[in-house]
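Visitor: Residues 329 to 654, numbered by the numbering used here, are exactly what the sequence shown covers, in order. The beta-carbon is built from N, C-alpha and C at its ideal position, and this holds for glycine as well. Just so we're clear, the structure is a prediction, and the values are computed from it rather than from any experiment. Quick one: structure below, then a few questions.
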Amino acid sequence: MSQLQDSFGRRFHYLRMSVTDVCNFKCTYCLPDGYRPDGKPTFLTLNEIENLVAGFGEVGTQKIRITGGEPTLRKDFTDIVRIVADNPNISTVAMTTNGYRLQQHAKEWYDAGLRRINVSVDSLDPKMFYQITGENKFDQVMRGIDAALEAGFERVKINAVLLKGLNDKDLPRFLHWIKNTPIDLRFIELMETGLGRDYFNAHHLAGVDIKKQLEREGWLYDLPDVDDGPAQNFSHTDYKGRIGLIMPYAKNFCASCNRLRVSAKGKLHLCLFTENGVDLRDLLQDASQRDELISRLHGQLAQKKETHFLHQGITGVTQHLASIGG
């Protein structure tokens, strides 16, 4: 089957697959009041996940990132990893986590086929970590990162959402950490969602300001790989780690878009913002539906917009990023 491509010539190698929207943290920029279920959750089953992965694998998807909510809250998380890793068309299996179960299970997940991990650590100050996440688990998360490095993961990344007035003074501490630690540190510019305009106005910090500071200090831009996400990555000869910047408000941010999203309830989202998603679940019940699934995917890609509309203050229907995997 032909590669997924939209009407602007962008090709899609990368799927962010949410497996639950449940999260046990209460991050101020995402779920400040904690997770509140909307009725009884009916998340994708292992069979549905296997059919979803197989369908995307046939249309050129090479990288799948397992997301949530907090994906490791699923008791069958290791089975999910194994399903993705066993598909011969998928070359990169990754996940994003808050890291609270990482210390106990890093080796188990590595053995199942997981190779890349992104851990959310919004501050290296335990008190600020607690203030942002609502959980006093800083030491536990840091031990989990050490366990991931020991387990041999090919890439360990740290995600930190830039928040003016909260963690914006943490950059020197982060830089000190990656001086001798081979991890990728990624700063994510705060994005406005449907519930967060006041929070956005109070805490938004432009990623381009951090970029200028890094360039002044000798950090050099790295050319991206084909399945990389939207981060602009930088390296420095004096540091073992790298820095990535995700700047959705930067010029031409969407020009290199190569990712699609499927929610934990089986909806395809062409963009993190602006639309309600298209249901795929009816075509995930049996492998015999594969051609029809692929046909629906191609049909939807033709409708993908050239860019998001965040610059105009249009955040779409996304109320919080946990609802479709961030």
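Select from K540, R570, H341 the residue whose C-alpha is nearest the C-alpha of L551.
Guide: By one-based count along the sequence shown, residue 551 stands at place 223. Among K540, R570, H341, the Cα nearest to that of L551 is on R570.
Visitor: Which residues in the same chain have their Cβ closer than 8 angstroms to the Cβ of I418, if we skip the five residues on either side of it in sequence?
Guide: Here residue 418 corresponds to residue number 90 of the sequence shown, with the count starting at 1. Same-chain partners within the cutoff: V381, G385, T389, Q390, K391, I392, V412.
Visitor: Mapping DSSP to helix, strand and coil, what is E478?
Guide: Looking up residue 478 in the sequence shown gives position 150. In the structure shown, E478 sits in a helix (DSSP, three-state: H, G or I).
Visitor: Apart from the five residues on each side of it in sequence, which residues of its chain come closer than 7 angstroms, Cβ to Cβ, to Y438?
Guide: Residue numbering aside, residue 438 sits at position 110 when the sequence shown is read from its first letter. Cβ within range, chain order: A479, G480, F481.
Visitor: If you check the beta carbons only, do I538 and N495 fall under 8 angstroms apart?
Guide: Counting from 1 along the sequence shown, the entry for residue 538 is found at position 210. Counting from 1 along the sequence shown, the entry for residue 495 is found at position 167. Cβ atoms of I538 and N495: not closer than 8 angstroms.
Visitor: Alpha carbons only, please: which of Y458, G427, D610 is nearest the one belonging to I473?
Guide: As a first step, residue 473 must be located in the sequence shown, where it is residue number 145. Considering only alpha carbons, the answer is G427.
Visitor: Using a 10 Å radius around the Cβ and a threshold of 16 neighbouring Cβ atoms, would you call P454 buried or exposed?
Guide: Here residue 454 refers to the residue found at position 126 when the sequence shown is read from its first residue. Flag for P454 reads exposed.
Visitor: Within the continuous beta strand (DSSP E) that includes G572, where are the two ends?
Guide: Start at 1 with the first residue of the sequence shown, and residue 572 comes out as number 244. Its beta strand (DSSP E) spans residues 570-574.
Visitor: Below 8 angstroms between beta carbons: does that hold for M423 and V590?
Guide: For the purposes of this step, residue 423 is taken as the residue at position 95 of the sequence shown. For the purposes of this step, residue 590 is taken as the residue at position 262 of the sequence shown. Result no, Cβ atoms of M423 and V590 do not sit closer than 8 angstroms.
Visitor: Can you give me the Cβ contacts of G641 inside the same chain, cut-off strictly under 6 angstroms, excluding the 5 residues immediately before and after it?
Guide: Counting from 1 along the sequence shown, the entry for residue 641 is found at position 313. Annotation note: pLDDT 48 at G641 (below 50); position unreliable, coordinate value reported separately. Excluding residues within five positions, none has a Cβ falling inside 6 angstroms.
Visitor: Just mark K465 as buried or exposed, buried being the case when its beta carbon has 16 or more other beta carbons within 10 Å.
Guide: Indexing the sequence shown from 1 puts residue 465 at position 137. Looking at its Cβ environment, which holds 16 or more other Cβ atoms inside 10 Å, K465 is buried.
Visitor: Would you tell me roughly how many angstroms separate the C-alpha atoms of H341 and N586, rounded to the nearest one?
Guide: As a working mapping, residue 341 is identified with position 13 in the sequence shown. As a working mapping, residue 586 is identified with position 258 in the sequence shown. Those two C-alpha atoms are separated by around 6 angstroms.
Visitor: Tell me the rounded alpha-carbon separation between D361 and D526.
Guide: The residue labelled residue 361 in the question sits at position 33 within the sequence shown. The residue labelled residue 526 in the question sits at position 198 within the sequence shown. Each residue's alpha carbon lies about 15 angstroms from the other.
Visitor: Please list, in chain order, all residues of the same chain as H639 whose beta carbon is under 8 angstroms from its beta carbon, the five residues on each side excluded.
Guide: Numbered from its first residue, the sequence shown carries residue 639 at position 311. Confidence in H639 is poor, its pLDDT being 46 and thus under 50, which makes the residue's placement too unreliable to answer from.
Visitor: Out of C351, H504, N561, state which residue places its alpha-carbon closest to the alpha-carbon of W547.
Guide: As a position in the sequence shown, residue 547 is number 219, starting the count at 1. Selected option, being the one with the closest Cα: N561.
Visitor: For E545 and L372, I'd like the C-alpha separation in whole angstroms.
Guide: If you number the sequence shown from 1, residue 545 lands on position 217. If you number the sequence shown from 1, residue 372 lands on position 44. Computed Cα separation, rounded: 46 angstroms.
Visitor: Are T348 and G396 closer than 8 angstroms when you measure CB to CB?
Guide: By one-based count along the sequence shown, residue 348 stands at place 20. By one-based count along the sequence shown, residue 396 stands at place 68. Contact: yes.
Visitor: Mind checking who F562 pairs with in its DSSP beta bridge?
Guide: On the sequence shown, position 234 is the one that residue 562 refers to. In DSSP, F562 forms a bridge with Y549, I571.
Visitor: I'd like the list of long-range same chain contacts for D467, defined as Cβ closer than 8 angstroms, with 5 residues on each side in sequence excluded.
Guide: Here residue 467 refers to the residue found at position 139 when the sequence shown is read from its first residue. Excluding sequence neighbours, D467 sits near P454.
Visitor: Taking 6 angstroms as the limit between beta carbons, can you name the residues of its chain near L629, skipping five residues before and five after?
Guide: For this step, residue 629 is matched to residue 301 along the sequence shown. Only L332, D334 meet the Cβ criterion.
Visitor: Going by other Cβ atoms of all chains shown within 10 Å of its Cβ, with 16 needed for buried, is Y567 buried or exposed?
Guide: By one-based count along the sequence shown, residue 567 stands at place 239. Counting Cβ neighbours within 10 Å, Y567 comes out buried, since at least 16 surround it.
Visitor: Between the alpha carbons of V645 and N446, how many angstroms are there, rounded?
Guide: To locate residue 645, count along the sequence shown from 1; it is residue 317. To locate residue 446, count along the sequence shown from 1; it is residue 118. Because the pLDDT of V645 is 46, which lies under 50, any placement of that residue in the model is unreliable, and the number read from its coordinates should be weighed accordingly. The alpha-carbon atoms of V645 and N446 are separated by roughly 26 angstroms.
Visitor: Per DSSP, what are the beta-bridge partners of T425 in this structure?
Guide: For the purposes of this step, residue 425 is taken as the residue at position 97 of the sequence shown. Paired residues: V447.
Visitor: If I measure Cβ to Cβ from G594 and keep anything under 7 angstroms in the same chain, skipping five residues before and after, which residues do I get?
Guide: Taking the first residue of the sequence shown as 1, we reach residue 594 at position 266. Here the set comprises L372, E376, D607, L608, R609, L612.
Visitor: Is the CB-CB distance between R444 and I486 below 8 angstroms?
Guide: In the sequence shown, the residue the question calls residue 444 occupies position 116. In the sequence shown, the residue the question calls residue 486 occupies position 158. No.
Visitor: Below 8 angstroms on the Cβ atoms is my contact criterion, and I expect G462 with L490 to pass it. Report the Cβ-Cβ distance as a whole number of Å.
Guide: By one-based count along the sequence shown, residue 462 stands at place 134. By one-based count along the sequence shown, residue 490 stands at place 162. Actually they are not in contact, since the Cβ atoms of G462 and L490 sit about 19 angstroms apart, beyond 8 angstroms.
Visitor: Comparing alpha-carbon positions, which option in L343, V350, R624 lies nearest D366?
Guide: As a working mapping, residue 366 is identified with position 38 in the sequence shown. Ranking the options by Cα distance to D366, first place goes to V350.
Visitor: In the DSSP assignment, find the unbroken beta strand (DSSP E) run with M345 in it and report its ends.
Guide: For the purposes of this step, residue 345 is identified with residue 17 of the sequence shown, where counting begins at 1. Element bounds for M345: 342-346.
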